[in-house]
Amino acid sequence: MTPSILITGSSRGIGRAIALRLARDGFDIILHCRHRREAADAVAEQITAMGRSARVLCFDVADRQAARQAIEADIEEHGVYYGVVCNAGITADGAFPALSDEDWDSVIHTNLDGFYNVLKPLVMPMVRRREPGRIVVMSSVSGLMGNRGQVNYSAAKAGLIGAVKALAVELAKRRITVNCVAPGLIDTDMTDDLVTEEALRMIPMRRTGSSEEVAATVSFLCSDDASYITRQVISVNGGMC
Numbered sequence: 001m002t003p004s005i006l007i008t009g010s011s012r013g014i015g016r017a018i019a020l021r022l023a024r025d026g027f028d029i030i031l032h033c034r035h036r037r038e039a040a041d042a043v044a045e046q047i048t049a050m051g052r053s054a055r056v057l058c059f060d061v062a063d064r065q066a067a068r069q070a071i072e073a074d075i076e077e078h079g080v081y082y083g084v085v086c087n088a089g090i091t092a093d094g095a096f097p098a099l100s101d102e103d104w105d106s107v108i109h110t111n112l113d114g115f116y117n118v119l120k121p122l123v124m125p126m127v128r129r130r131e132p133g134r135i136v137v138m139s140s141v142s143g144l145m146g147n148r149g150q151v152n153y154s155a156a157k158a159g160l161i162g163a164v165k166a167l168a169v170e171l172a173k174r175r176i177t178v179n180c181v182a183p184g185l186i187d188t189d190m191t192d193d194l195v196t197e198e199a200l201r202m203i204p205m206r207r208t209g210s211s212e213e214v215a216a217t218v219s220f221l222c223s224d225d226a227s228y229i230t231r232q233v234i235s236v237n238g239g240m241c
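If you use full-length UniProt numbering, the sequence shown corresponds to residues 1 to 241, in order.
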């Protein structure tokens with residue numbers, strides 16, 4: 001059976017690039033979206049055109065019950081995944097005094113709680129599979145160094161790094177690797193307003209990264225070549241930190 005990988009938040013941007021790259025690597029793909037079903041279906045069509053299998057799960061990663069029900073039902077029908085890429089995330093930027101309760105809660109619930117909500121129904125089935133596995137979690141340069149106007153986002157992404165390091169220790173003897181990828185300023189529709197001359201001057205390479213460059217890093221971490229790499233944070237940020 002062809003190994004399969006779930007990529008959350010894969011209807012566009014970095015998640016879409018990861019899904020397409022892993023499909024080219026030979027994996028079957030479980031796409032995920034919250035409400036951009038048409039976009040996710042379009043990605044699925046691209047994947048099936050490569051000769052790989054693709055299907056779409058729709059749920060809000062911040063909704064624990066919805067995530068558990070969707071994932072458990074999919075595993076029951078199709079079998080346990082080889083890996084998962086936790087990519088779904090949101091921002092609600094603003095100076096800390098101006099953040100609303102909703103700004104804080106929505107970012108923490110989606111970006112940090114979403115890690116738990118997606119992985120909790122997956123980890124034990126992956127362990128019981130008694131085969132190697134891969135978990136890759138998308139953090140951010142914000143989680144490493146903090147960004148002005150992103151206290152909520154930085155807190156969530158830093159929390160993911162701590163969670164990954166702890167989970168990696170728990171799963172290491174099971175041959176399931178757990179790693180973080182921490183992108184910097186990547187050229188996607190989520191960062192259009194952030195790409196300024198001032199921002200580029202903060203990057204030693206003086207350019208933004210591409211979604212495909214992030215996807216290549218995830219591809220490596222999901223490969224057999226990365227079987228002895230776990231509990232790591234791989235930065236893809238042009239030298240920002």
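Using N, Cα and C, we set each Cβ at its ideal position, and we do this for glycine too. Since the model is a prediction, treat every value here as computed from it, not as a measurement.
Check                                                                                                                                                    : Outcome
Ordered along the chain, which non-local residues of its own chain (more than five positions away) have a Cβ less than 8 Å from that of Ala-199?         : Leu-185
With a 10 Å radius around its C-beta and 16 neighbouring C-beta atoms as the bar for buried, classify Cys-241 as buried or exposed.                      : exposed
Leaving out five residues before and five after Phe-220 in sequence, what residues of the same chain have Cβ atoms less than 8 Å from its Cβ?            : Ala-226
Please name the residue in Ile-90, Ala-23, Arg-21, Gln-150 whose C-alpha comes closest to that of Asp-60.                                                : Ile-90
Residues in the same chain with beta-carbon distance under 7 Å from Asp-103, minus the five sequence neighbours each way, listed in chain order, please. : Ala-92, Gly-94, Asn-152
What is the DSSP secondary structure of Ser-211, reduced to helix, strand or coil?                                                                       : helix
Find the nearest neighbour of Thr-8 within the set Val-56, Pro-183, Ile-47, Gly-26, judged by alpha-carbon distance.                                     : Val-56
From Asn-111 to Leu-119, what distance separates their C-alpha atoms?                                                                                    : 13 Å
For the beta strand (DSSP E) that contains Leu-31, what are its first and last residues?                                                                 : 28-33
Count the other CB atoms within 10 Å of the CB of Pro-97; is the residue buried (16 or more) or exposed (fewer)?                                         : exposed
Within the 8 Å Cβ cut-off, does Ala-166 reach chain C?                                                                                                   : Judged by its chain identifiers, the structure shown contains no chain C, having just a single protein chain.
What number of angstroms, rounded off, separates the C-alpha of Thr-230 from the C-alpha of Asp-41?                                                      : 32 Å
Could you tell me the alpha carbon to alpha carbon distance between Ile-203 and Ala-158, rounded to whole angstroms?                                     : 20 Å
Which ranges would you report for the beta strand (DSSP E) in the segment 64-127 if only whole runs of at least 3 residues count?                        : 83-86
Going by C-alpha to C-alpha distance, which of Lys-173, Val-164, Arg-16 sits closest to Ile-29?                                                          : Arg-16
Per DSSP, what kind of secondary structure is Gly-133 in: helix, strand or coil?                                                                         : strand
Considering only the beta carbon of each residue, do Ser-86 and Met-126 sit closer than 8 Å?                                                             : Reading the sequence as shown, one finds Cys at residue 86 and not Ser. Not closer than 8 Å, so no.
Let me check understanding here. Comparing Cα to Cα, which of Ser-223, Ile-47, Cys-180, Ala-215 lies closest to Asp-187?                                 : Ala-215
To which residues does DSSP link Leu-57 through a beta bridge?                                                                                           : His-32
Based on Cα-Cα distance, which residue from Ser-235, Gly-146, Pro-132, Leu-122 lies nearest to Arg-68?                                                   : Leu-122
For a quick check, are the C-beta atoms of Pro-132 and Ile-176 less than 8 Å apart?                                                                      : yes
Taking the C-alpha atoms as reference points, what is the distance between Asp-105 and Tyr-116?                                                          : 15 Å
Using only the alpha-carbon positions, how far apart do Gln-65 and His-32 sit?                                                                           : 16 Å
Count the other CB atoms within 10 Å of the CB of Gly-83; is the residue buried (16 or more) or exposed (fewer)?                                         : buried
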